[in-house]
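Heads up, the thing below is written out as structure tokens.
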Amino acid sequence: MSIQEKQTNGIKSQSGYEAEPFQGDFEEEIQRLAQLKIEEYELQRKQTAKLFDIRPQVLDKLVEKRRPKHQMKQNEDEWFEKVEPFSEPVNGRDLLNEINAQVKKYIVCDESVAIAATLWILFTWAIDHMNFAPIACITAPEKRCGKTQLLTLIGELSKKNISASNITSAALYRTIDMYQPTLTIDEADTFLSEQSGIRGVMNAGHSRENAFVIRCDGEDNHPKRFNVWCAKAISGIGHLSETLRDRSIILELRRKVKNESIESLRYRDKEYWKLIKRKCLRWVNDNQDLLRAIKPVLPECLNDRAKDNWEGLFKIAAIAGEDWLERVEFTAISIQRSEEDNLNLNEQLLLDIHTIFKNKNAAKLWTQDILSALCEDEEKRWIDICEGRKLSARKLATMLKGFKISSHDIRIGDKVKKGYELVQFTEAFERYL
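Residues in the sequence shown are numbered consecutively from 1, following full-length UniProt numbering.
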């Protein structure tokens with residue numbers, strides 16, 4: 001079919017949309033496509049590529065080169081409410097106090113949670129000048145503790161918020177790569193358990209240097225690198241994977257009692273919240289050089305990952321003033337101590353085995369005796385760890401393998417059975433307990 005013959009055919013998308021018939025040369029058609037909105041172009045790209053006997057990904061590159069420089073900005077303005085910086089310089093201490101007052105006005109929470117949430121909100125506006133992006137993980141022991149309310153408040157006061165509670169992994173990493181938004185995900189425990197690809201994106205976005213995922217893209221399935229650096233806030237009451245929890249600042253809520261009074265979010269002053277956002281933008285604009293340069297002193301009691309998580313919030317507090325620096329130090333220590341009380345499964349296993357050897361005053365134990373002792377307490381996790389069944393010898397061996405500890409033949413009296421010696425655990429006890 002000749003070009004002239006092709007020009008008489010309309011371009012129909014998969015959705016049935018029919019574009020105006022092509023009436024110009026190839027270059028003019030590329031220019032026309034470059035003026036379209038992204039979603040309009042997507043409807044036409046395959047049929048247009050077919051029309052000219054080229055691959056869609058080749059057409060994508062040709063169109064991208066001719067897009068107006070302001071096109072991406074226009075698309076962003078359609079997604080997010082435009083925020084203009086406040087007209088006057090903003091005092092950081094006063095701004096944090098304003099945000100903190102809003103958190104306390106609508107959310108029942110401990111002081112440490114209110115402080116962390118306050119600093120994290122301002123952090124979303126300063127993320128371009130940070131090295132790490134900790135997840136704000138809102139959790140509670142039960143329902144009706146205000147998790148969704150706090151997530152909503154954080155989202156509405158954050159920079160470029162997108163609620164992503166129903167999204168595919170492909171849409172997620174493309175959206176982050178294009179807009180670098182603040183993601184808010186409600187009921188994350190359920191949602192993430194069903195979306196392993198999204199968990200990978202969430203994990204990868206913690207460190208700016210490593211905030212990339214590689215996915216096969218386009219019809220030719222060539223690998224492409226996507227930037228997944230952005231701020232993320234999630235909420236849920238269930239179990240969170242150890243990798244995500246390790247990259248999070250935990251905001252644990254409690255249910256309101258009768259004598260605790262808060263206001264309903266449905267009556268929030270939206271205009272005042274817009275003013276707060278303008279102040280956040282102005283403060284970050286005025287302090288961006290300092291945000292990049294400052295190296296805050298972090299509490300020595302924090303582990304290395306916790307220091308990464310809290311660094312950005314300490315930067316903000318240090319610039320805001322001495323009182324906020326004191327508050328964030330108290331908050332970080334308080335929240336991290338609470339987290340350390342919830343040891344991960346492997347660390348809990350080491351601690352319990354340490355206790356068993358100590359209580360039995362033994363230098364070596366058979367595997368069956370260790371398993372029996374571990375499962376004596378019905379409130380411990382070992383009672384139903386294997387899909388509702390007690391901890392097995394194989395599962396025990398698998399968990400200890402990461403510490404380079406393995407069972408071998410142990411003689412106790414005149415009997416020889418598989419077991420472990422206390423000396424095998426010395427290094428692991430020293431490093432992890």
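All C-beta atoms in this analysis are idealised placements derived from N, C-alpha and C, irrespective of residue type, glycine included.
All figures in this text were calculated on a predicted structure; none of them were measured in a lab.
- Assignment of K224 by DSSP, reduced to helix, strand and coil, places it in the strand class.
- Under a 10 Å Cβ-count criterion, E29 is classified as buried, with 16 or more other Cβ atoms of the shown protein chains found around its own Cβ.
- The three-state reading of DSSP puts W366 in strand, counting E and B together.
- When beta bridges are read from the DSSP output, V213 appears opposite F226.
- In this structure, L172 lies near A164, with their beta-carbon atoms less than 8 Å apart.
- Secondary structure at R278: helix, using DSSP grouped into helix, strand and coil.
- At a Cβ-Cβ threshold of 8 Å, T331 and S112 count as neighbours.
- H408 is classed as exposed because its beta carbon has fewer than 16 other beta carbons within 10 Å across all chains shown.
- In the same chain as C145, and ignoring 5 residues on each side of it, the C-beta atoms closer than 7 Å to its own belong to L253, R254 and R255, in chain order.
- When secondary structure is reduced to three states using DSSP, K105 falls in the helix class.
- By the CB criterion at 8 Å, P89 and L281 fall outside the cutoff.
- Using a 10 angstroms sphere on the CB of T168, the tally of other CB atoms stays under 16, which defines it as exposed.
- When rounded, the separation of the alpha-carbon atoms in M399 and A373 is 17 Å.
- Three or more beta-carbon pairs drawn from the region 241-250 and the region 130-139 are found closer than 8 Å, and the two stretches are therefore classed as touching.
- For T124, the enclosing alpha helix (DSSP H) stretches over residues E111 to A126.
- Residue state for D269 is assigned as coil, using DSSP reduced to three classes.
- One alpha carbon belongs to N361, the other to L240, and they sit about 36 Å apart.
- In the structure shown, G200 adopts helical secondary structure according to DSSP, grouped into three states.
- Assigned with DSSP and collapsed to three states, V416 falls in strand.
- By the CB criterion at 8 Å, V103 and T124 fall outside the cutoff.
- Apart from the 5 residues on each side of it in sequence, L350 sits with its Cβ closer than 8 Å to the Cβ of F403, F425, A428, F429, Y432 and L433 in its chain, given in chain order.
- Between the alpha carbons of L51 and K65 lies a gap of roughly 20 Å.
- In the DSSP assignment, S169 falls within the alpha helix (DSSP H) that extends over S169 to Y179.
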